[in-house]
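In the UniProt record's numbering, the protein residues as written are 1 to 135. Where is the CB? At the ideal position from N, CA and C, for every residue including glycine.
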């Protein structure tokens, strides 16, 4: 399987599984397992190459700490924020995550795109979610 040029960095396996349920394009998802340090950061950077990097951490103290590491040491990364009411990426509803990722240019399962409380008109990014992912 060829991975896209996008990398999502999350805290744990639950977050990764939730994202895999929403995404339809192959994206490399790297878990920090809730901790950061110089050696962990070096290990992650070695896996990145020339990829576009997205940080998606939980809305808690550890998530903010990890985000701070990446802002300092990997400033070219894009930070995606979840609503604090969900607390963790792994607890976000599928439709919420689908719409959130869609706004950042990811291909998501179109059955999850709903006009409702998480939908904003104009989310289609020039019809991106309407057309199929062709790899």
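Reduced DSSP category for residue i - H, G, I as helix; E, B as strand; rest coil
i           : result
residue 9   : strand
residue 122 : Caution is warranted here: a pLDDT of 49 is assigned to residue 122, below 50, making its placement in the model unreliable, and the coordinate value is therefore given only provisionally. Of the three classes helix, strand and coil, the one that applies to residue 122 here is coil, per DSSP.
Cβ-Cβ distance between residue i and residue j below 9 Å
i          : j           : result
residue 18 : residue 89  : yes
residue 77 : residue 55  : yes
residue 92 : residue 102 : no
residue 27 : residue 48  : no
residue 22 : residue 97  : yes
residue 44 : residue 32  : yes
Bounding residues of the alpha helix (DSSP H) (the contiguous stretch that carries residue i)
i          : result
residue 95 : 94-102
Exercise for the section: Starting from the N-terminal side, write out each stretch of the alpha helix (DSSP H) that is 4 residues or longer and does not extend beyond the segment 13-81. Expected result: 13-22, 38-48, 61-73
Handout entry: Validate contact between the segment 14-29 and the segment 63-73 using beta carbons, cut 8 Å, 3 pairs
Key = no
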